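K.L.:
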Amino acid sequence: MNVAQLKRIINRYLAGNASGKEAALMEAWYEEALEEARQQPATGQSETHRQQVLERLHLEMQNTPTGRVIRFSGARNIAAACIVLLGGASLGYRYQFDILDLVDPIPVETVTAHAFQVKQVILPDSSRVVLNANSEISYPKKFRGKKRQVHLNGEAFFDVVRNPSAAFTITAPHLQVKVLGTSFVMTDSSHIQAARVSVKTGRVAVSADVKGFPVTQLTANQELFYDEAGGVVNINKHQDVDIGWTNKQLVFNNVALSEVFREIENMFHVKINVRDTVINEMKFTGAFEPGDPLPDMLKVIALSYRLTIHKNKDGTINISN
């Protein structure tokens with residue numbers, strides 16, 4: 094971050110070309126500076142300094158690279174721009190990471206667990222996330238400053254590394270969760286109207302951008318259930334949190350064997366040939382753990398339905414009655 098980058102943001106703001114994030118940052122900066130000014134009594138020295146900064150501001154903004162003179166649209170714009178120049182050591186330091194996010198955004202990583210998959214993700218701070226099937230998480234490739242923010246759509250188990258100086262925040266379609274270090278399961282998808290947070294260890298704060306929704310503190314073995322349609326919030330204070338699924342890699346619940354074979358093919362990069370279409374229509378319920386070898390997985394399925402498995406010399410697998 095340097096002065097030139099700050100000036101570019103100011104120029105865009107004053108010219109009315111700032112992005113939504115840039116404008117919001119300038120407005121927030123202005124409001125905070127105004128409040129600080131109200132609390133600090135004016136002195137002759139501070140007034141002289143303010144006049145000097147205002148004169149400098151006019152010179153800086155009028156001498157743009159294009160030679161275009163920027164017209165100030167009001168005292169609010171002038172004040173907002175002054176804050177950037179005045180507040181380099183105080184407000185500027187406080188907002189340094191917000192500005193860095195604007196001028197030097199960190200690339201975002203997105204991980205998806207597809208149908209029947211359970212996928213583990215290690216975040217930049219070494220926190221562990223286990224995604225359940227049909228779930229997705231997005232997070233920056235590195236955490237910047239005093240914030241660790243991720244976005245979830247679906248269900249996941251979080252085991253968050255404790256860091257009192259950097260709160261961990263999860264934003265989902267219906268709820269937001271803020272923690273310092275704990276483990277819990279969050280279920281919140283754009284495809285359903287209900288959301289759930291179940292705490293395994295530690296403490297979490299649950300909130301939502303809904304009028305009247307109370308910020309709720311949950312501790313171990315407590316669960317919050319939120320139904321958006323009815324606006325209902327229920328708290329269960331004696332809830333065992335099931336995390337058995339987090340140790341699995343593939344989970345099937347009454348799924349056609351054709352789907353099961355397709356997932357196994359994708360995982361092991363093999364070709365499975367089924368001789369009888371009746372086999373494909375059979376339903377399978379079961380789960381496989383990370384590290385389970387292909388022969389063992391196929392043996393479990395074969396024993397369940399008395400099927401015969403034959404591996405060909407070219408690596409393809411035939412399954413028959």
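Numbering-wise, the sequence shown is residues 94 to 414 according to the numbering used here. All C-beta atoms, glycine included, are put in the ideal place defined by N, C-alpha and C. These numbers were taken from a predicted model, which means no experiment stands behind them.
Assuming residue 308 and residue 319 are in contact, meaning their beta carbons sit under 8 Å apart, how far apart are those beta carbons, in whole angstroms?
P.N.:
The Cβ separation is near 13 Å, so there is no contact.
K.L.:
Are residue 376 and residue 348 closer than 8 Å when you measure CB to CB?
P.N.:
Yes. Within cutoff.
K.L.:
Go through the stretch 328-407 residue by residue and report every complete run of the beta strand (DSSP E) that reaches 3 residues or more, in order.
P.N.:
Here the runs fully enclosed are 343-349, 365-367, 376-381, 401-404.
K.L.:
Check whether chain C comes within 8 Å of residue 252, counting only Cβ atoms and requiring the distance to be less than that.
P.N.:
The chain inventory of the structure shown lacks chain C, comprising one protein chain alone.
K.L.:
Roughly how many whole angstroms lie between the Cα atoms of residue 381 and residue 366?
P.N.:
Roughly 21 Å between the two C-alpha positions.
K.L.:
Is the stretch 233-251 touching the stretch 268-281, taking contact as three or more C-beta pairs under 8 Å?
P.N.:
Taking 8 Å as the limit for Cβ pairs, the verdict is that the stretch 268-281 does touch the stretch 233-251.
K.L.:
Where does residue 245 sit, in a helix, a strand or coil, going by DSSP?
P.N.:
Residue state, collapsed to three classes: strand.
K.L.:
Taking only the alpha-carbon atoms, compute the straight-line gap between residue 291 and residue 313 and give it to the nearest angstrom.
P.N.:
Cα to Cα, the separation comes out at about 8 Å.
K.L.:
CB-CB under 6 Å to residue 353, same chain, minus the five flanking residues each way: which ones, in chain order?
P.N.:
So the qualifying residues of the chain are 345, 377.
K.L.:
If you run the structure through DSSP and keep just helix, strand and coil, what is residue 239?
P.N.:
Three-state result, residue 239: coil.
K.L.:
In terms of residue numbering, what span does the beta strand (DSSP E) encompassing residue 409 cover?
P.N.:
Here residue 409 belongs to no beta strand (DSSP E), and DSSP marks it neither H nor E.
K.L.:
Have a look at residue 379 and residue 343 and give me their C-alpha separation to the nearest angstrom.
P.N.:
Distance between the alpha carbons of residue 379 and residue 343 is about 8 Å.
K.L.:
Checking 8 Å against the spacing of the C-beta atoms, do residue 414 and residue 400 come in under that value?
P.N.:
Against a cut-off of 8 Å, the Cβ pair of residue 400 and residue 414 comes out as a contact.
K.L.:
Note the first and the last residue of the continuous beta strand (DSSP E) segment covering residue 197.
P.N.:
Per DSSP, residue 197 belongs to no beta strand (DSSP E) and is neither H nor E.
K.L.:
With DSSP as the reference, label residue 161 as helix, strand or coil.
P.N.:
Because the pLDDT of residue 161 is 40, which lies under 50, any placement of that residue in the model is unreliable, and the number read from its coordinates should be weighed accordingly. Residue state, collapsed to three classes: coil.
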